[in-house]
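Student: Residue numbers (the numbering used here): 8 to 331.
1. Tell me where the alpha helix (DSSP H) around residue 317 begins and ends.
2. Which residue spans inside the region 247–272 form an unbroken alpha helix (DSSP H) run of at least 4?
3. Could you give the C-beta distance for residue 311 and residue 305, rounded to a whole number, given that I count them as a contact under 8 Å?
4. Rounded to whole angstroms, what's the CA-CA distance from residue 82 to residue 226? Just pull it up for me.
5. Which class does residue 185 belong to by DSSP, given the choice of helix, strand or coil?
6. Please state the DSSP three-state secondary structure of residue 280.
7. Can you have a look at residue 335 and say buried or exposed, based on whether 16 or more other CB atoms are within 10 angstroms of its CB?
8. Within 10 Å of its beta-carbon, does residue 281 have 16 or more other beta-carbons around it, so buried, or fewer, so exposed?
9. Under 6 Å Cβ to Cβ from residue 175, same chain only, skipping five residues before and after it: list those, please.
10. What first and last residue would you give for the alpha helix (DSSP H) that runs through residue 287?
11. How many angstroms separate the CA atom of residue 324 from the CA atom of residue 296?
12. Can you check which of these residues, 130, 268, 149, 316, is closest to residue 247 by C-alpha distance?
13. Let me know the secondary structure DSSP gives residue 211 once reduced to three states.
14. Would you say residue 204 and residue 235 are within 8 Å of each other, going by their C-beta atoms?
15. Quick one: what's got a C-beta closer than 8 Å to residue 266's C-beta in the same chain, skipping five residues either side?
16. On the criterion of 16 or more Cβ atoms from any shown chain inside 10 Å, does residue 261 qualify as buried, or is it exposed?
17. Starting from the C-beta of residue 185, find all residues in its chain whose C-beta is less than 8 Å away, skip the five residues before and the five after it, and write them out in chain order.
18. I'd like the ranges of any alpha helix (DSSP H) spanning at least 4 consecutive residues and lying wholly in the region 148–188.
19. Is it buried or exposed, residue 291, if we count other Cβ atoms within 10 angstroms and call 16 or more buried?
20. Below 8 Å on the Cβ atoms is my guess for residue 146 versus residue 238; work out the distance and round it to an integer in Å.
21. From the DSSP output, in three-state form, read off residue 312 for me.
22. Looking at the secondary structure, which residues open and close the alpha helix (DSSP H) in which residue 234 lies?
23. Work out the CA separation of residue 284 and residue 32 for me, nearest whole Å.
24. Considering just the uninterrupted stretch of the alpha helix (DSSP H) at residue 190, what are its terminal residues?
25. Do residue 202 and residue 232 have their C-beta atoms within less than 8 Å of each other?
26. Within a Cβ cutoff of 6 Å, which residues of the same chain sit near residue 298, ignoring the five residues on either side of it in sequence?
27. Any beta carbon from chain D within less than 8 Å of residue 153's own beta carbon?
28. Let me know if residue 151 comes out buried or exposed under the rule of 16 or more other beta-carbons within 10 Å of its beta-carbon.
29. What's the gap between the Cα of residue 122 and the Cα of residue 172?
30. When the Cα atoms are used, what is the spatial distance from residue 133 to residue 230?
31. What are the start and end residues of the alpha helix (DSSP H) that includes residue 206?
32. Hey, would you say residue 293 sits closer than 8 Å to residue 255, going by beta carbons?
33. Which one of 314, 271, 322, 321 has the shortest CA to CA distance from residue 124?
34. For residue 321 and residue 286, what's the separation of their Cα atoms in angstroms?
In structure tokens form, the structure reads like this:
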């Protein structure tokens, strides 16, 4: 049903008034039939079931479970339960996908080929039981923790001593509005206060609370903190959460251009009716869609953002624009 609705809405947006009824330009047909593929979101998924996290991982992820960590990362900090999960994946791959391991092993294990396969696997959906570890590794959170001269515990202590600061008061006001499970609120407060101390130039910016609350659903408190550090300082462009929002404004300007290019009818509609979509787009991009999309879909988007960067936000936004 959702697939058919997406197609109907996309035809409305991209249809050429000069064409007879029912005829759609080739570019529009590509957008309709491969709206997710066009923006490189998932080229191997069943289009009728876009971005479903609870589905079984694809064979690619089974293979990567054993081989990618050994090539790219040190797993010395990964809990034993996760390593057991990796072993279970390996055995399942051998039993359920006969021959695929042999074919994969025959490939050249260059860093680029592994990275490409990792990207494909992340887009196919990270299993919920491994999402926290994968976020921590893919985002660069582990590297952030190792390179930091300050421990998370010391930053939390200093953060609680500064609760009367402007950032501390804003955090206290935003905590009840986050809408997460009450049991997560103390951890959420610790992470936000610690980051306000670590990065005094940014401090705290509204919308961080929604993103961190999502991380805490899968990650430990300390992991969530280092993922936030990597997200703000490395993954997203500089200036996303500063007072001027310079990086965010640049991305919004670029996104408007993308709408004109990929969904021109919608762009013309906004221009002709003097519709300012900036407030909507700011919420999408600053919160990384976590309070816009259904939970499962939003977490899939965050998978891609933490691994591939903010271009995943553009692809998600364009898909949403095409669907509307």
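Even glycine gets a Cβ: it sits at the ideal position worked out from N, Cα and C.
Tutor: The answer reads as follows:
1. Taken as a continuous stretch (DSSP letters only), residue 317 belongs to no alpha helix (DSSP H), as it is neither H nor E.
2. 253–269
3. Going by Cβ atoms, the distance from residue 311 to residue 305 rounds to 11 Å, so no, they are not a contact pair.
4. Confidence in residue 82 is poor, its pLDDT being 36 and thus under 50, which makes the residue's placement unreliable; the coordinate value appears in the next sentence. So the two alpha carbons sit approximately 16 Å from each other.
5. coil
6. coil
7. There is simply no residue 335 to check, as the chain begins at 8 and stops at 331 in what is shown.
8. exposed
9. 169
10. 285–293
11. 9 Å
12. 316
13. coil
14. no
15. 273, 274, 277, 325, 328
16. exposed
17. 192, 195, 216, 217, 220
18. 148–154, 159–168, 173–181
19. buried
20. 6 Å
21. helix
22. 228–237
23. A caution first: residue 32 carries a pLDDT of 32, below 50, which makes its placement in the model unreliable, though a value can still be read off. Whole-angstrom Cα-Cα distance: 27 Å.
24. Per DSSP, residue 190 belongs to no alpha helix (DSSP H) and is neither H nor E.
25. yes
26. 217
27. Among the chains of the structure shown, chain D does not appear; only one protein chain is present.
28. buried
29. 43 Å
30. 17 Å
31. No alpha helix (DSSP H) holds residue 206; DSSP gives it neither H nor E.
32. yes
33. 314
34. 16 Å
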